[in-house]
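Heads up: the structure comes next, in C-alpha cells.
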Amino acid sequence: MAKYVCKRIGMAILTLLIITFLLFFLVRIMPGNPFPSERMSAEQIANKRAEMGLDDPILVQFVRYMSGVLRGDFGKGTSLYNGAPIKTVLSSAISNSFRIGGIAILLGTAVGLILGITAALHRGRFLDSFCTVFSILGVCVPSYVFLIFLQYNFSFRIPFFPYFFDPSRFLFSSVIPSLSLSLFTMSTIARFTRNEMVEVFDSDYVRLAESKGMYGRNLVMKHVLRNALIPIVTVLAPLVVDLLTGALVVEKIYGINGIGKLMVDAIAGEGIDYNYVLALGILYSALYIGIMLIVDLLYGVLDPRIRVSAKEGDA
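Under our numbering, the first residue of the sequence shown is numbered 1, with each subsequent residue one higher.
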C-alpha cells in the first residue's frame, strides 16, 4: 500500500509539472499586451519587457520562473495592484475564497446527503418526489441567479445581510454567497446519493443482510450508505475545487476579493496580467490534482477491496 501511495504522489507531482509548463507556454503565446498600453509608451513597454526577461528564450524563462515558484515567489503583476507581489495579493484572495468555499462545501454536502438519504428511504413517495424536484431545480438554476435572488430579498427588501461583501462583517457577508454556491453541490450530492442508495438497496448483499434480520439504521449505515459513498466522493472532488477557488461570477457580483474575481480582473483588465493568470492556473491545477489524489486514497478507506488490490499489485 505504501508503494501505491508513493507512486500516486509521484504521478501527481509529474502531472503538475507538465501542466505548469503547458500553462507557461500557452500564457506566453496569448494574444494581447500584458502592460496597460494606454498609459505606457512603446519605449516604456520595451524596457519593462527587458526588465522582466520576457524577451528571453521560453525555456530560460520557465526555469527562472520555476526557481521562484519553488521558493514561493510568483513574481509581480504587470497591470494589477501597481505591480504588487503576487504572493501577497494571492494569499488574501485564497483566504476569502477558501473560507466561503469551505462553508459552501460543508453546507452543500451535509444537506445534500440528508436529502438524498431521505429520498432513498422514501422511494416512490412524496418526500422522494420533493427531493428529486429540488435537485433538478438546484442543478438548473445558476449560482449567480440564486445569489441575485438572495441579495434582492435579504439585503434589499429585508436589509439583514450586507448587499456586498464586507470583510469587517465576514460572518454575515458569507451567508449569501455560501448559500448560493452550495446550491449546485447540494442538489448534485442529493441526486447521486439517492440514486446510489436505491441501487445498493436492490443489491444481493443487502437482501442477504435483510434476510438475516438486519433492518433500519444498522443496515443503512453498515451496508447501504458506505457502499453508496464511493461514487459520491468521486463526484464531490471537482465540486470541492470549484467551490474552494470561488465561482467567478458569484465573487464578481458580490464584490468578494477572492480567486475567482482576481482571475476575471487579470483577464478583463487594461492589459492581460499574464503572471496572475499563470499563478492562478497553477493554483487551480494543484488543487484539482491534490484533491483527486486524496480521493484515490479515500477509496482504500471506503472499499477494502481496493486495499487488497493495491497489496496484490505491490506483491
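C-beta: ideal position from N, C-alpha, C; glycine also.
Give, in chain order, every unbroken run of the alpha helix (DSSP H) that is at least 4 residues long and sits entirely within the region 95-162. 126-140 and 143-151
To the nearest angstrom, how far is it from the Cα of Leu70 to the Cα of Ala104? 31 Å
Bridge partners - Lys261, DSSP secondary structure assignment: Answer is none; Lys261 lacks a bridge partner.
Give the DSSP-derived three-state secondary structure of Val308 in the structure shown. Residue confidence is low: Val308 scores 47 on pLDDT, short of 50, so the model does not pin down where it sits. No coordinate-derived value is stated.
Measuring alpha carbon to alpha carbon, tell me which residue in Ile230, Ala228, Val295 and Tyr274 is nearest Val241. Val295
For Pro57, report the span of its alpha helix (DSSP H) as first-last. No alpha helix (DSSP H) holds Pro57; DSSP gives it neither H nor E.
Identify the continuous alpha helix (DSSP H) that holds Ile176 and give its terminal residues. Phe170 to Phe201
Going by beta carbon distance, what residues of the same chain come within less than 7 Å of Ala93, once the five residues before and after it are set aside? Asn257, Gly258, Ile259 and Leu262
Own chain residues within Cβ distance below 6 Å of Val308, not counting five before or after: With a pLDDT of only 47 at Val308, under the threshold of 50, the placement of this residue in the model should not be trusted; the figure read from the coordinates follows. If we look at Val308 and ignore the five residues flanking it on each side, it has no Cβ neighbours.
Cutoff 8 Å; reference Val60; Cβ partners in own chain excluding five residues on either side: Gly53
What residue range is occupied by the uninterrupted alpha helix (DSSP H) comprising Ile253? Leu248 to Tyr254
Alpha carbon to alpha carbon, how far is Phe62 from Lys87? 18 Å
Using the C-alpha atoms, what's the distance from Ser173 back to Glu51? 41 Å
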